[in-house]
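Asks: The numbering of the sequence shown is my numbering, which starts it at 207 and goes up by one. Quick reminder that beta carbons are idealized off the backbone N, C-alpha and C, glycines included. Bear in mind that the values here come from a model prediction, so they are computed numbers and not experimental data.
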Amino acid sequence: MIEIKYHKGFVPTYPVDKKSFEDKTHREFPYAQKDNYYALCPICENPVILLGLKKTILNKKPHARHTKYDVEGISDFEEIKYEKCPNHKKTSNYILETRNETAESIELYHLARENFDKIIYLIRQHLPIIISTNDAKKLLKYFITHKGWTYPNANEHNLWLMFFRHNAWN
């Protein structure tokens, strides 16, 4: 997974990167333990190990993976939540959560760019949340940062939902 959180509940999520980790945890216990760094899965709130921060992994960007064991000070591992978690993947290929740029994905990017106001309108109509101008800017930043138009399931009918992929709403 490419986003984590450091506390349970409705709290912001953060990218898995060294700067964010150090800013939020100061590399202190319980997040920094012996040889590993830990956090929480933003969906199931099970403990995750942060890979690629302490030691670079060749050809892989930093990411997190469920631990499948209790982590002192972070959280106990809950099998049922883990099995139901959308971040739970049976293989490690989940690190590459986007697809390569294609003519179709580039078309989706342009569609989102040219119709952002309509996308915000759809969100306001279909979801029971209030979207301020500032919130809309945050959603757009998230969408661009995570290349929402390249998500494997993105298409012109669900493009507005890609603004919320992986708990974008903080």
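Quick check on this structure: which residue in 250, 242, 322 and 331 has the alpha carbon closest to the alpha carbon of residue 261?
Replies: 242
Asks: Within the same chain, show all residues whose beta-carbon is closer than 8 Å to that of residue 331, passing over the 5 residues directly before and after it, in chain order.
Replies: none
Asks: Once you ignore the five residues that flank residue 301 on each side, which residues in its own chain have a CB closer than 7 Å to its CB?
Replies: Its pLDDT being 44, under 50, residue 301 is placed unreliably in this model, and the value from its coordinates should be taken loosely. Hits under 7 Å: 266 and 269.
Asks: Tell me whether residue 264 is buried or exposed, calling it buried when 16 or more other Cβ atoms sit within 10 Å of its Cβ.
Replies: exposed
Asks: Where does residue 272 land, buried or exposed, given buried means 16+ other C-beta within 10 angstroms?
Replies: buried
Asks: Where does residue 358 land, buried or exposed, given buried means 16+ other C-beta within 10 angstroms?
Replies: exposed
Asks: Around the Cβ of residue 351, are there at least 16 other Cβ atoms within 10 angstroms (buried) or fewer (exposed)?
Replies: With fewer than 16 Cβ atoms within 10 Å of its Cβ, residue 351 is classed as exposed.
Asks: Starting from the C-beta of residue 342, find all residues in its chain whose C-beta is less than 6 Å away, skip the five residues before and the five after it, and write them out in chain order.
Replies: 326
Asks: Use the C-beta contact count for residue 289: other C-beta atoms within 10 angstroms, 16 or more gives buried, fewer gives exposed.
Replies: exposed
Asks: For residue 235, count the other beta carbons within 10 Å of its own beta carbon; 16 or more makes it buried, fewer makes it exposed. Which is it?
Replies: exposed
Asks: Just how far apart, CA to CA, sit residue 225 and residue 257?
Replies: Going by the C-alpha atoms only, they are around 14 Å apart.
Asks: Going by DSSP in three states, residue 338 sits in which element: helix, strand or coil?
Replies: coil
Asks: Tell me the DSSP secondary structure of residue 159 in three-state form.
Replies: It is not possible to answer for residue 159, since the shown part of the chain is limited to 207 through 376.
Asks: Secondary structure at residue 269, three-state DSSP: helix, strand or coil?
Replies: strand
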